[in-house]
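Numbering (UniProt numbering), first residue to last: 1 to 279.
We put the CB at the ideal spot given by N, CA and C, even for glycine.
Predicted model, so just to flag it, every value in this text is computed and none were measured.
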Amino acid sequence: MKEQDKNQSGLPVYLTYGQLDDEKLGAPKRYTYKVKGYSDGTYTVIEYVNGRLKTDQKLTFSSGGNSDLSDEEKAVRLKESRLANLYKTKNKLRDYAKNNHFDKFWTLTFDPKICGASDDYRFEEMRKWLRKMRDKYGKFNYLAVPERHKSGQIHWHMMTGYFEPKLIDSGKEYRNIPILNCPEWEFGFTNIQNVRSKKKISNYVSKYITKDLMDSPARRNKKKYWGSSLLELPEVFSISEEVNGLPEAGFESEVCKIYDMEKADFTKYFGERKKPLAD
Numbered sequence: 001m002k003e004q005d006k007n008q009s010g011l012p013v014y015l016t017y018g019q020l021d022d023e024k025l026g027a028p029k030r031y032t033y034k035v036k037g038y039s040d041g042t043y044t045v046i047e048y049v050n051g052r053l054k055t056d057q058k059l060t061f062s063s064g065g066n067s068d069l070s071d072e073e074k075a076v077r078l079k080e081s082r083l084a085n086l087y088k089t090k091n092k093l094r095d096y097a098k099n100n101h102f103d104k105f106w107t108l109t110f111d112p113k114i115c116g117a118s119d120d121y122r123f124e125e126m127r128k129w130l131r132k133m134r135d136k137y138g139k140f141n142y143l144a145v146p147e148r149h150k151s152g153q154i155h156w157h158m159m160t161g162y163f164e165p166k167l168i169d170s171g172k173e174y175r176n177i178p179i180l181n182c183p184e185w186e187f188g189f190t191n192i193q194n195v196r197s198k199k200k201i202s203n204y205v206s207k208y209i210t211k212d213l214m215d216s217p218a219r220r221n222k223k224k225y226w227g228s229s230l231l232e233l234p235e236v237f238s239i240s241e242e243v244n245g246l247p248e249a250g251f252e253s254e255v256c257k258i259y260d261m262e263k264a265d266f267t268k269y270f271g272e273r274k275k276p277l278a279d
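As structure tokens, this is what we get:
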């Protein structure tokens, strides 16, 4: 048996016996801050304006079933779901980029005169090439994201770390940074540059994950990007108690505020306390 409640969206929320027991025992029902701790010692703090439900159980959201919705309502719900998936994927890519070592940006293209044009072909050739490089040079960090050209065909953007293949100077520069080429990419052109700024890393690949790519029938239920098994996500934990006097947020909306902090600033406001996030 489950008891029905409602969350802020107005959708019914069904609480399990375990969740009801938590309420009876006075366990914390909500947390105020979600914290991401990165390997470089920095933190991202997300402050939820109205708090967020904390539970060890999965909540089941129900709206009475899609059968009760009109075609227009179903379309709206599908659009919202796809946008949520897009946002989640972008955030994950940013976290990977910020939490791991990367020192080179890559663009890898396919020459249409010698390569197939389908998405599946270009994903498969990229997969095989990455495996070939790993077998030859050993494991390395990589995060590779496809972008669809105006022609509709895929090329790749990638960041790498601990990866030293043979590269040659193209003789060209971009903003005083030499542009390198990789002769081991036999499918088309390459453009490789050393990382200019650590701050730009987290946005480099995530911007190429677009709504068009997420919705592509050819990529439905398939990977939207490639990531090395060496990559690690940041540590995530929650803080329930409210903290006063925080600095100005870098981002603010009606839902949350987001702060990026150095370790010293985080310790100043929050101390060393860490509470596991059950979300």
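Top-ranked residue by Cα proximity to residue i, from the options
i: N99; options: I258, V243, G227; result: G227
i: D111; options: P247, K200, R122; result: R122
i: G188; options: S202, H155, N203; result: H155
i: D260; options: K74, T44, G138; result: T44
i: Y204; options: R127, R77, E147; result: E147
i: I177; options: I192, P183, L167, E184; result: I192
i: Y33; options: I201, K257, E262, E272; result: K257
i: residue 335; options: A264, G271, E262; result: Nothing about residue 335 can be read from this structure; the chain reaches only from 1 to 279.
i: S229; options: A75, Y269, L130; result: L130
Three-way DSSP call (helix, strand, coil) for residue i in this model
i: L93; result: helix
i: V35; result: strand
i: I209; result: coil
i: Y204; result: helix
i: T267; result: helix
i: K98; result: helix
i: N194; result: strand
Neighbour-count burial assignment, residue i, 16 or more Cβ in a 10 Å radius
i: H157; result: buried
i: Q4; result: The predicted model places Q4 with a pLDDT of 43, which falls under 50 and marks its position as unreliable; any figure quoted below should be read in that light. With fewer than 16 Cβ atoms within 10 Å of its Cβ, Q4 is classed as exposed.
i: E47; result: buried
i: T267; result: exposed
i: R94; result: buried
i: K172; result: exposed
i: L78; result: exposed
i: V83; result: Sequence check: residue 83 is Leu here, not Val. It counts as exposed.
i: S70; result: exposed
Integer-rounded CB distance, given that residue j should sit under 8 angstroms from residue i
i: Y31; j: S238; result: 4 angstroms
i: K224; j: T89; result: 6 angstroms
i: F251; j: M159; result: Rounded, the Cβ-Cβ distance is 23 angstroms, inconsistent with contact.
Practice item. Say whether the stretch 232-240 touches the stretch 86-103, bearing in mind that this needs 3 or more beta-carbon pairs closer than 8 angstroms, one atom from each stretch. Key: Segment contact: the stretch 232-240 against the stretch 86-103, three or more CB-CB distances shorter than 8 angstroms; contact assigned.
Practice item. Say whether the stretch 136-152 touches the stretch 160-168, bearing in mind that this needs 3 or more beta-carbon pairs closer than 8 angstroms, one atom from each stretch. Key: yes
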